[in-house]
Amino acid sequence: MMLDAATLDWQALNEAVRDGGREIEIIHCTGERFIGAGASDKKITIHGVPGNALGAYLDGGEIIARENVQDAVGDTMNDGRIVVHGSAGDALGYAMRGGRIFVRGDAGYRTGIHMKQYQEKRPVIVVGGRVGSFLGEYLAGGLIVVLGLGCTDVPAGNFIGTGMHGGEIWLRSLKPPQHLPPQVHLEEADEEMLAAIRPQLEEFSACFDLPMSQLTEGRFYRLTPNAQNPYKRLYVQN
Amino acid sequence: MREGSFRNLSGCAVSAMISKEGRRFSGADIIRSIRVMHDRSNGLGGGFAAYGIYPEYQDYYAFHVFYDNMAARRECEAFLERHFDIINLSKIPTRKIPQITDEPLIWRYFVAPLPTKLAESQLDEREFVARCVFRINVQLDGCYVFSSGKNMGVFKAVGFPEDVGVFYRLDEYEGYAFTAHGRYPTNTPGWWGGAHPFALLDYSVVHNGEISSYDANRRSMEMHGYRCTLQTDTEVITYMIDYLNRKKGLTMEEICSVIAAPFWDTIERMEPAERQRAEYLRNAFSSCLITGPFSIIVGFEGGMLALNDRLKLRSMVVGEKDDMVYIASEEAAIRAIQPELERLYAPKGGEGVLIQVKEGAGQCR
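Order-wise, the sequence lines are chains R and C.
The numbering used here runs 38 ahead of the 1-based position in the first sequence.
The numbering used here runs 99 ahead of the 1-based position in the second sequence.
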């Protein structure tokens, strides 16, 4: 089913998406918010720039954005997949608890903050380019990978992993990230460690038709919570 | 009830466009752009600043004034006649539309300070004009000068911004730069004067955010003779820009390092020369540091400055195509008027984007 966003306001558009069957293509998107919010069994393809909170609370199915997306994509997403062929705005995958987000280009500030995982639920974000500051702030679970394709410096801004106490952040970068908080443990990944994220990289490679060799060459750094320096000591000596 | 009786908290949308060549274009597109972000406002304020729109009067200050009633107008005009040569006066043309109601009297004056008054005051011309604006706004009841620059004008009202643009017939003006604002005050009395942009002389500010340093900034500005009458954070930002640029002679780049100063631990890691400069600006103008979330667009004669708070707690994107630069809270608001961009990027927190119109271009001087 084809929907023309130019002829519908965001409420009408979202109603049409909800009532519109399993495969939906939206053209001329210009900032209409909440597309696919809470959907669980649809494949939604978007042309143009959708509004904020694309795929918020997504609970399954797939959203494919052919161009850029704005802020708060995949907010509190629980399942399914979001594929962005352009770049994403701020707060991508905020408080995600499951599902996968793949962005070919860059992502903005606060990518993957407050993500969490529980049992089989483990959210994944892979960004092809670079991200802004506060990557994975307060991370409690899940996996964030930043590939830095086309970047010559560290592909993330300041305050990486501040307050993180679970999950993993991976950076493909020639240089290690600087000025990490003491609660974050940094290590350079070897081949064996890299195998842990290979399935996600393969999925990214398939989404955007990029060769695996391009995604895996160079150096990877893994950031995890520092078990030697947990947060509890920040507040209480016990 | 008016602004000033209690604090506003704002959400808001901003949009702007400027021709680096100083080429003039219609205000129709900025209305289309801000309309895309309709849901970021709640109908309690919208407005525009337009630069280069009065070339035939470019040597005169254009005062846009709200009056509560005819008596206020008479009083204000008597004041203006005592201090200025009034070259032209008229009602600002508007369209009656159902979306915009309860408008005050809205008048426009093109004025030049009376040479005798100016000489007597021993002030430079711009300071003389700014002081007159404050005297009207503070002392004359029912009068509010909301625009006072040369070859530019602010147009604002209570309503959604796209309706405000239609109301003021913005599509009939041509300028080299426009800024726009849609307001989302959550507890405002909703007075026309409280809508953005806020302006003094040719400086105008549109702002999306809620600064937490308002009182510190206000106290500092009041020590320098500014009177904050509306309790809105955007008013004080406007005065800080005027103070730092016009009175202290700081460049717009330096102003960014003052109002969105780098963190001390970032400054510590800078190269010595850069560090010295950053330390000086942070120390010398510490009371002009703005904390809390904001994205602002400052308009001024011949240019524009866009700036996010250091933590980038508000969104802002910049697009470029040929001689045009577009700035907006959301990319869609830019794509709506220019789908084909050569470049699109999100400036980092605290990193100002300064756009200057080519020196000597067309109508901007």
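C-beta: ideal position from N, C-alpha, C; glycine also.
Item                                                                                                                                                                : Value
In three-state terms, what does DSSP make of E100 of chain R?                                                                                                       : strand
In its own chain, which residues sit with a C-beta less than 7 Å from the C-beta of K119 of chain C, not counting the 5 before and 5 after it?                      : D422, V424, I454, V456 and K457
Step through the CB atoms of chain R and report whether any lies within less than 8 Å of the CB of E352 of chain C.                                                 : no
Whose Cβ in chain C lies nearer than 8 Å to the Cβ of S171 of chain R?                                                                                              : L410, K411, K447 and G448
At 7 Å on the CB atoms, spell out the chain C contacts of V141 of chain R, in chain order.                                                                          : Chain C residues near V141 of chain R: none, gap ~14 Å exceeds 7 Å.
Mapping DSSP to helix, strand and coil, what is C67 of chain R?                                                                                                     : strand
With three or more C-beta pairs closer than 8 Å as the rule, is the segment 267 to 285 of chain C touching the segment 309 to 325 of chain C?                       : no
Could you tell me which residues DSSP pairs with Y444 of chain C in its beta bridges?                                                                               : C:V417
Give me the subset of the segment 48 to 73 of chain R whose CB atoms are less than 9 Å from a CB atom of chain C, sorted by chain position.                         : W48, C67, T68, G69, E70 and R71
Could you tell me which residues DSSP puts in a beta bridge with S303 of chain C?                                                                                   : C:A298 and C:G398
Whole angstroms are fine: how far does the CA of A256 of chain C sit from the CA of N141 of chain C?                                                                : 13 Å
Just to check my reading of the structure: A85 of chain C and M136 of chain C have Cβ atoms closer than 8 Å, yes? What is that Cβ distance to the nearest angstrom? : This structure gives no information on residue 85 of chain C, because the portion of chain C shown stretches from 100 to 464.
Could you tell me whether any Cβ in chain C is nearer than 8 Å to the Cβ of G195 of chain R?                                                                        : yes
Please check the pair G124 of chain R and N106 of chain R, which I expect to be a contact at CB under 8 Å, by giving their CB distance rounded to whole angstroms.  : 4 Å
Would you decide whether Y267 of chain C is buried or exposed? Buried here means 16 or more other CB atoms lie within 10 Å of its CB.                               : buried
Counting only Cβ pairs nearer than 9 Å, list the residues of chain C close to Y132 of chain R.                                                                      : Ordered by position in chain C, no residue passes the 9 Å Cβ test against Y132 of chain R, which lies about 13 Å from the chain.
Is A265 of chain R buried or exposed, if buried means 16 or more other CB atoms sit within 10 Å of its CB?                                                          : exposed
Pick from R:T254, R:H203, R:L253 and R:F246: whose alpha carbon is nearest that of I120 of chain R?                                                                 : R:F246
Pick helix, strand or coil for I151 of chain R, following the three-state DSSP scheme.                                                                              : coil
Please identify the residue among C:F362, C:R413 and C:P192 whose C-alpha is closest to the C-alpha of R381 of chain C.                                             : C:F362
For I207 of chain R, which beta-bridge partners are listed by DSSP?                                                                                                 : R:I182 and R:L261
Rounding to the nearest angstrom, what Cα-Cα distance links P219 of chain R and G179 of chain R in this structure?                                                  : 18 Å
State yes or no: is the C-beta of V244 of chain C within less than 8 Å of the C-beta of V164 of chain C?                                                            : yes
Decide if G186 of chain R is buried, meaning its Cβ has at least 16 other Cβ atoms within 10 Å, or exposed.                                                         : buried
Kindly indicate if chain C contains any beta-carbon less than 8 Å away from that of N276 of chain R.                                                                : A caution first: N276 of chain R carries a pLDDT of 47, below 50, which makes its placement in the model too unreliable to give a value.
Is Y159 of chain C helix, strand or coil when you go by DSSP?                                                                                                       : coil
Would you list, in chain order, the members of the segment 109 to 138 of chain C that have their beta-carbon closer than 8 Å to a beta-carbon of chain R?           : V135, M136 and D138
Grab the span of the beta strand (DSSP E) containing L41 of chain R for me, first residue to last.                                                                  : M40 to D42
Look at the alpha carbon of N236 of chain C and the alpha carbon of T215 of chain C, and state the distance between them as a whole number of angstroms.            : 23 Å
Along chain C, which residues have their Cβ under 7 Å away from the Cβ of V87 of chain R?                                                                           : E430, A431 and R434
Which stretch, first to last residue, makes up the alpha helix (DSSP H) that contains F140 of chain R?                                                              : Run containing F140 of chain R: none in the alpha helix (DSSP H); it sits in the beta strand (DSSP E), R138 to V141.
Rounded to whole angstroms, what's the CA-CA distance from D47 of chain R to N168 of chain C? Just pull it up for me.                                               : 40 Å
So if DSSP puts L188 of chain C in a beta bridge, which residue, or which two residues, is it bridged to?                                                           : C:Y208
Going along the chain, which residues of its own chain have a beta-carbon closer than 6 Å to the beta-carbon of F140 of chain R, five neighbours each way excluded? : V121, V164, F242 and C245
Listing by chain order, which chain C residues have their CB less than 8 Å from the CB of N106 of chain R?                                                          : E430 and L443
Taking only three categories from DSSP, how would you classify T114 of chain R?                                                                                     : coil
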